[in-house]
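Visitor:
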Amino acid sequence: MMLRDAIRSADRCRPCAAKDGSTAIAADRGAGRPRGRGRGAVPMQMPSKRARIIGGAAVLAAIGVTAVGAAVGAVAVAAPDANAQKPGAARAARAEAQNVVATDHLTVHAAVKAAQAALDAAEKADQHVSVSVVDRNGNTVVTLRGDGAGPQSYKAAEEKAFTSVSWNAPTSALVKRLEQAPTLKDIPGTLFLAGGAPVQAKGAPIAGIGVAGAPSGDLDEQFAQAGVAALGK
Numbered sequence: 000m001m002l003r004d005a006i007r008s009a010d011r012c013r014p015c016a017a018k019d020g021s022t023a024i025a026a027d028r029g030a031g032r033p034r035g036r037g038r039g040a041v042p043m044q045m046p047s048k049r050a051r052i053i054g055g056a057a058v059l060a061a062i063g064v065t066a067v068g069a070a071v072g073a074v075a076v077a078a079p080d081a082n083a084q085k086p087g088a089a090r091a092a093r094a095e096a097q098n099v100v101a102t103d104h105l106t107v108h109a110a111v112k113a114a115q116a117a118l119d120a121a122e123k124a125d126q127h128v129s130v131s132v133v134d135r136n137g138n139t140v141v142t143l144r145g146d147g148a149g150p151q152s153y154k155a156a157e158e159k160a161f162t163s164v165s166w167n168a169p170t171s172a173l174v175k176r177l178e179q180a181p182t183l184k185d186i187p188g189t190l191f192l193a194g195g196a197p198v199q200a201k202g203a204p205i206a207g208i209g210v211a212g213a214p215s216g217d218l219d220e221q222f223a224q225a226g227v228a229a230l231g232k
């Protein structure tokens with residue numbers, strides 16, 4: 000009887016519907032249902048495993064987009080620093096262009112070609128000569144000593160080539176200058192005898208060809224001019 004009375008008393012204590020139409024929340028007797036669930040309450044459901052995976056992927060994707068955006072932003076910030084160095088490089092290039100002069104030089108291949116042409120011309124004339132080609136600075140590029148050429152012809156050919164490139168004129172023409180300036184012959188390394196011819200590019204001397212060993216300077220210079228002519232072929 001005591002248990003029945005207790006149950007009956009509990010039933011009388013259950014709250015009834017409120018006057019404003021709201022749903023009363025009743026405690027369930029040992030049904031195991033969570034408290035606070037009434038007729039009008041919406042049951043809570045845990046997200047499924049598939050939903051949790053999709054949601055996690057979306058979060059990771061958002062993090063990835065944020066990381067990429069941060070990297071792009073870092074590059075964008077660094078770009079102005081790289082561009083800022085360009086004006087300095089441009090100024091350095093302009094300064095270098097103002098301080099450097101480009102000059103033309105005869106290639107080794109061309110020097111050998113000219114020397115061989117001069118030597119061939121001498122051999123056709125049955126003359127035993129030496130041929131030398133020097134650059135704009137007077138440095139010897141190539142020297143050919145023909146068969147039977149005298150020992151003095153080697154050095155004389157170099158000096159004629161040096162004299163010709165120094166004054167940008169055939170040595171036969173320079174001989175006449177000695178009448179007005181006899182001290183020219185005192186310049187070391189020069190030889191004011193016919194047999195030297197300059198090689199020009201754009202009107203400026205870039206090399207000199209000297210020939211020595213023939214009976215006359217006129218023949219030597221004829222062979223030197225044959226070497227110059229070979230460069231135009």
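The numbering of the sequence shown is numbering that gives the first Met the number 0, which starts it at 0 and goes up by one. Virtual Cβ for every residue (Gly too), placed ideally from N, Cα, C. Bear in mind that the values here come from a model prediction, so they are computed numbers and not experimental data.
Run the CB neighbour count on K85, radius 10 Å, all protein chains shown included, and call it buried at 16 or more, exposed below.
Guide: In the sequence shown, residue 85 corresponds to position 86, counting from 1. Looking at its Cβ environment, which holds fewer than 16 other Cβ atoms inside 10 Å, K85 is exposed.
Visitor: Between which two residues does the alpha helix (DSSP H) containing R144 stretch?
Guide: Sequence index remark: in the sequence shown, residue 144 carries index 145 (1-based). R144 -> not in any alpha helix (DSSP H); beta strand (DSSP E) instead, spanning T139 to R144.
Visitor: How is Q199 classed by DSSP in three states: helix, strand or coil?
Guide: Mapped onto the sequence shown, residue 199 falls at position 200. DSSP places Q199 in strand when its eight states are reduced to three.
Visitor: Since L190 and V174 are thought to touch, with beta carbons under 8 Å apart, how far apart are those beta carbons, to the nearest angstrom?
Guide: Working through the sequence shown from its first residue, we reach residue 190 at position 191. Working through the sequence shown from its first residue, we reach residue 174 at position 175. 10 Å between Cβ atoms; not a contact.
Visitor: Rounding to the nearest angstrom, what Cα-Cα distance links A156 and A94 in this structure?
Guide: Walking along the sequence shown from the start, residue 156 turns up at place 157. Walking along the sequence shown from the start, residue 94 turns up at place 95. Taking the straight line joining both Cα atoms gives about 41 Å.
Visitor: What do you reckon, are the CB atoms on G137 and V111 nearer than 8 Å?
Guide: The residue you call residue 137 lines up with position 138 of the sequence shown. The residue you call residue 111 lines up with position 112 of the sequence shown. Against a cut-off of 8 Å, the Cβ pair of V111 and G137 comes out as no contact.
Visitor: My understanding is that G194 touches G209, with C-beta atoms under 8 Å, so please give their C-beta distance in whole angstroms.
Guide: In the sequence shown, residue 194 corresponds to position 195, counting from 1. In the sequence shown, residue 209 corresponds to position 210, counting from 1. Yes, G194 and G209 are in contact; Cβ-Cβ is about 6 Å, under 8 Å.
Visitor: State buried or exposed for T182, treating a residue as buried only when at least 16 other CB atoms are found within 10 Å of its CB.
Guide: By one-based count along the sequence shown, residue 182 stands at place 183. Per the 10 Å Cβ criterion, exposed.
Visitor: Among the residues of its own chain, which have a CB less than 7 Å from the CB of A116, if the five just before and after it don't count?
Guide: If you number the sequence shown from 1, residue 116 lands on position 117. Within the same chain, A116 has close Cβ partners A225, G226 and A229.
Visitor: If I measure Cβ to Cβ from D217 and keep anything under 8 Å in the same chain, skipping five residues before and after, which residues do I get?
Guide: Taking the first residue of the sequence shown as position 1, residue 217 is located at position 218. Cβ within range, chain order: S171 and A193.
Visitor: Mark A113 as exposed unless 16 or more other C-beta atoms lie within 10 angstroms of its C-beta, in which case mark it buried.
Guide: Indexing the sequence shown from 1 puts residue 113 at position 114. A113 comes out buried.
Visitor: Out of P204, G231, T139 and D125, which has the shortest C-alpha to C-alpha gap to D146?
Guide: In the sequence shown, residue 146 corresponds to position 147, counting from 1. If we check each option's Cα against that of D146, D125 comes out closest.
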